[in-house]
Amino acid sequence: MLRISSGRGPRPVAGGFETFSWYYFRISGALLLVLVIVHLLIMHIANDVSCTTYAFVAMRYSNVFWRVFDWLLLTVGLTHGMNGLRVVIDDYVHAPGARMWLLSISALLLVVFFMLGTLTLITFPTVPGATGPLCIPK
């Protein structure tokens, strides 16, 4: 039988990792909502999407605030999503061997994607001294 969670269940009372995970899900979800709304406002409403070019991103990343903002969005998004995947695997995969493999693969994917995203944010070249719009919409 398929169980569908309303998300309103009681929080874990035993403490430990599951309690941390329960709290993290709620806190990271709220933080992710704020980060995504700010991202959408800045990148898709305040700026013309057709002007989002390599030069635009390079100019944006010349300010360390945007690199930290995007890294925080990457970190919170990845960990929130993989925590959700971990819960789904725990709930629906009953064979211990298969559960171990799936949890290991998801942890490996988390590390790989986090490292790739962080490496990209750190090494992305900037345009020092560039100011102003790089694209004038038609």
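The sequence shown lines up with residues 1489 to 1626 when you count with my numbering.
For each residue, glycine too, the CB sits at the ideal point set by N, CA and C.
*Kindly indicate which three-state DSSP category residue 1582 falls into: helix, strand or coil?*
Coil, per DSSP.
*CB contact flag (residue 1520, residue 1572, <9 Å)*: no
*Is it a yes or a no for the region 1602 to 1615 touching the region 1553 to 1565, going by three-plus beta-carbon pairs under 8 Å?*
With a cut-off of 8 Å, the region 1553 to 1565 and the region 1602 to 1615 count as touching, because enough Cβ pairs lie within range.
*Please name the residue in 1593, 1580, 1588 and 1561 whose C-alpha comes closest to that of residue 1526.*
1561
_Nearest to residue 1598 (by Cα), restricted to the options 1568, 1532 and 1504_ = 1568
_Going by DSSP in three states, residue 1556 sits in which element: helix, strand or coil?_
helix
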